[in-house]
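Trainee: Residue numbers (this note's numbering), protein chains in the order written: chain A, 117 to 387; chain B, -11 to 190. Idealized CB from N, CA, C, for every residue including glycine.
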Amino acid sequence: MRQGNKYLTLATLLAMAGGMGSTAALADKSTDEIAKYRQMIADGNPSELSAAQGEELWKTKRGPKNASLEQCDLGLGAGIVKGASAQLPRFFKDTGKVQDLETRLMTCMETLQGIDPKTVVNEKWLKGERDTMASLVAYIVTESNGEKINIDMKPAEMKKMYELGKMAFYYRSGPMDFACSTCHADTNKRIRLQDLPDLRSQKGAAAGWGSWPAYRVSSGQFWTMQHRLNDCYRQQRTAEPIYGSDVTIALSVYMASTANGGTVLTPGLKR
Amino acid sequence: MKKIGIIAALVVASSGAFAADEALYTEFKEMMDRSFKTTGIAAKHRMYQLDFQKECSSEKSPSAKALKAIEADQLKTIRYPADGKYSSGNWKEGEKIALSGRGLTWTDPTPDNNGGGCYNCHQMSHKEISYGTIGPSLADWGNIRGSGADNVKYTWGKIYNAKAFNGCSNMPRNGDSGILTEQQMKHLMAYLLDPESPVNKK
Chain A
117 MRQGNKYLTL ATLLAMAGGM GSTAALADKS TDEIAKYRQM IADGNPSELS AAQGEELWKT
177 KRGPKNASLE QCDLGLGAGI VKGASAQLPR FFKDTGKVQD LETRLMTCME TLQGIDPKTV
237 VNEKWLKGER DTMASLVAYI VTESNGEKIN IDMKPAEMKK MYELGKMAFY YRSGPMDFAC
297 STCHADTNKR IRLQDLPDLR SQKGAAAGWG SWPAYRVSSG QFWTMQHRLN DCYRQQRTAE
357 PIYGSDVTIA LSVYMASTAN GGTVLTPGLK R
Chain B
-11 MKKIGIIAAL VVASSGAFAA DEALYTEFKE MMDRSFKTTG IAAKHRMYQL DFQKECSSEK
49 SPSAKALKAI EADQLKTIRY PADGKYSSGN WKEGEKIALS GRGLTWTDPT PDNNGGGCYN
109 CHQMSHKEIS YGTIGPSLAD WGNIRGSGAD NVKYTWGKIY NAKAFNGCSN MPRNGDSGIL
169 TEQQMKHLMA YLLDPESPVN KK
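(1) Do L176 (chain B) and G104 (chain B) have their beta-carbon atoms positioned less than 8 angstroms apart in this structure?
(2) State whether the segment 367 to 380 of chain A contacts the segment 231 to 245 of chain A, with contact taken as three or more CB pairs (one from each stretch) at a distance under 8 angstroms.
(3) For T98 (chain B), return the contacting residues in chain A, with the cut-off set at a CB-CB distance below 7 angstroms.
(4) What distance in whole Å lies between the Cβ atoms of D314 (chain A) and A301 (chain A), which are believed to be in contact at a cut-off of 8 angstroms?
(5) Look up L309 (chain A) in the DSSP assignment and say whether it is helix, strand or coil.
(6) What alpha helix (DSSP H) runs, 4 residues minimum, are completely inside the segment 90 to 157 of chain B?
(7) Quick one: Cα of K175 (chain A) to Cα of L309 (chain A), how far?
(8) Starting from A70 (chain B) and walking both ways along the alpha helix (DSSP H), at which residues does that stretch end?
(9) If I measure Cβ to Cβ from G360 (chain A) and keep anything under 7 angstroms in the same chain, skipping five residues before and after, which residues do I get?
(10) Just tell me which of A:E279, A:A202, A:C296 has its CA closest to the CA of V253 (chain A).
(11) Give the straight-line distance between the Cα atoms of M20 (chain B) and N78 (chain B), rounded to the nearest whole angstrom.
(12) For R206 (chain A), does the three-state DSSP call read helix, strand or coil?
(13) Along the chain, where does the beta strand (DSSP E) that runs through Q37 (chain B) open and close?
(14) Hey, S45 (chain B) and A295 (chain A) are a contact pair by Cβ (cut 8 angstroms); roughly how many whole angstroms apart?
(15) Verify the CB distance criterion: does T128 (chain A) have a CB-CB separation below 8 angstroms to chain B?
(16) Got a sec? Which residues, its chain only, sit under 8 angstroms from K25 (chain B) by beta carbon, not counting five neighbours each side?
(17) Okay, do the segment 174 to 192 of chain A and the segment 347 to 367 of chain A touch, 3+ Cβ pairs below 8 angstroms being the bar?
(18) If you check the beta carbons only, do N149 (chain B) and G163 (chain B) fall under 8 angstroms apart?
(19) Thinking C-beta only, is A322 (chain A) closer than 8 angstroms to G384 (chain A)?
(20) So, with DSSP's three-state summary, where would you put V214 (chain A)?
(21) Between which two residues does the beta strand (DSSP E) harbouring K386 (chain A) extend?
(22) Residues of chain B with CB under 7 angstroms from R308 (chain A), in chain order?
(23) Mind pulling the chain B residues with CB within less than 7 angstroms of I389 (chain A)?
(24) Compute the distance between the beta-carbons of S260 (chain A) and G199 (chain A), then report whether it is under 8 angstroms.
(25) Keeping to the same chain, check which residues put their C-beta closer than 6 angstroms to that of L192 (chain B); ignore five residues upstream and five downstream.
(26) Leaving aside the five residues before and after W339 (chain A) along the sequence, list all residues of the same chain whose C-beta is less than 7 angstroms from its C-beta, in chain order.
(27) Would a C-beta distance cut-off of 8 angstroms place T248 (chain A) and L312 (chain A) closer than the cut-off?
(28) By the criterion of Cβ-Cβ separation under 8 angstroms, what are the contact partners of I167 (chain B) in chain A?
(29) In terms of residues, what are the limits of the alpha helix (DSSP H) holding F285 (chain A)?
(30) Thinking C-alpha only, which one of A:S334, A:M277, A:R316, A:R387 is nearest Y13 (chain B)?
(31) For T95 (chain B), return the contacting residues in chain A, with the cut-off set at a CB-CB distance below 8 angstroms.
(32) Check whether the Cβ atoms of Q62 (chain B) and R288 (chain A) lie closer than 8 angstroms to each other.
(33) If you drop the 5 nearest sequence neighbours on each side, which residues of the same chain put their C-beta closer than 8 angstroms to that of V380 (chain A)?
(34) Starting from Y179 (chain B), find everything on chain A with Cβ-Cβ shorter than 7 angstroms and list it in chain order.
(35) Can you confirm whether A131 (chain A), when its beta carbon is compared against all beta carbons of chain B, has any partner nearer than 8 angstroms?
(36) Measuring only between beta-carbons, confirm whether K84 (chain B) sits less than 8 angstroms from chain A.
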């Protein structure tokens, strides 16, 4: 199902996202595809497909314990999905950890279903349990669409994660000397034609953080926030962040709490 | 004994805030250490910082004096063309390198034929509209700055190691960090300085 949109070429996307007509040659080739794209979103965000699969998976008995995830506590109480992801990451007393949506789901899969978190952590993007994760995420974040970003920064653990995340944000390393701040610490900047949100500001963070996870039209795939962060680090030319590792949680706390008060528009729709 | 005790207490008290910062920084380094792994050519040691990278890793810029020291250090890394020729490049090749952003990620197979990724950050040709704005426009670079010896040398140096002129520059050290070869940098010189290049010709 998810591969249905692979016909969208990069040329189309450049033309669409830039809204600048790019070049005549590009525009010519892609008029057709833009029409197809318009038709496609007229029926809704393509991640509705993933969300529907995710809702099904949420209710399905799986794993060694043959249980569903319906008793999973995403922070608002067992089984409550509505609005939950607008308040993540948060500090969870039962695990003693700050968790984002994906690491929290791994906890639920382990405790309720008996599924080893390693089956997610060691998997490839959009394969096996990582793919299951993406569908679950699509379902859960759809249920927070339109909610206010509301990160509880009172716990000391959250404050510390914020500080660690901020340090990670400015941490330059690798052959290009890049940090997140190279690309996301100024207003009105762009890379080629892609606008870069200033993630230091409430407005920029709300726009950037608040519109992920998202359906990426360029790849015809639904991407979770872990996937987005992984790809930013790839572009940064660092080593690869481990799935669900503390640096990804710390950065998420930094961005999400900066975005506090903004509106969640998930799943986003990105080029 | 008592005296030593008091002195020790004073030292601890006065460095309390500093000690807390140090503890947090230690925790930060441990977090970075356990959060990354080697994938493909992107080895884990990429997470360990060079001294200047560390100095340039906070919200605040280092002091003017510290920046000067970084620049002096980085200036020493620049290797000018071994044959003394800056103008043997081909602007058409230069354009390809400026446009290409490939290379050095964990999905790239080999560390060669890297792009310069210049268009990610700079306007260059008068004809290319897909350019980024992290760096200043370089359109008309040759027309405006001229091809006198000083500008030629500066342009080479800036491409080779941007930090020699602005200690915490956002621009990569293309030569020093082994992103581009000497030949590739010569092509970029032609792209920026040749009067026939679309950077200088409308």
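Mentor: The answer reads as follows:
(1) yes
(2) no
(3) Residues of chain A passing the Cβ test: none, with the nearest at roughly 14 angstroms.
(4) 7 angstroms
(5) coil
(6) 129 to 133, 137 to 148
(7) 42 angstroms
(8) From DSSP, A70 (chain B) is part of no alpha helix (DSSP H); its letter is neither H nor E.
(9) E218, T219, M222, V237, Q342
(10) A:A202
(11) 42 angstroms
(12) strand
(13) From DSSP, Q37 (chain B) is part of no beta strand (DSSP E); its letter is neither H nor E.
(14) 6 angstroms
(15) Residue confidence is low: T128 (chain A) scores 36 on pLDDT, short of 50, so the model does not pin down where it sits. Its coordinate-derived value is still stated next. Not one chain B Cβ lies under 8 angstroms of T128 (chain A).
(16) K32
(17) no
(18) yes
(19) no
(20) strand
(21) 384 to 386
(22) Y107, N108, S118, Y119, G120
(23) In the structure displayed, chain A extends from 117 to 387; residue 389 (chain A) sits before or after that span and is not available.
(24) yes
(25) Because residue 192 (chain B) is not part of the residues shown, which for chain B are -11 to 190, the question remains open.
(26) P329, A330, R332
(27) no
(28) P291, M292
(29) 272 to 285
(30) A:M277
(31) R350
(32) no
(33) S201, A202, V257, S260, N261, G262, E263, K264, I265, G326
(34) The premise fails here: Y179 (chain B) is roughly 17 angstroms from chain A at the closest Cβ pair, so nothing lies under 7 angstroms.
(35) Any reading at A131 (chain A) needs caution, since the residue's pLDDT is 35, under 50, leaving its predicted position unreliable; the model's value is listed next. By this cut-off, A131 (chain A) is not an interface position.
(36) no
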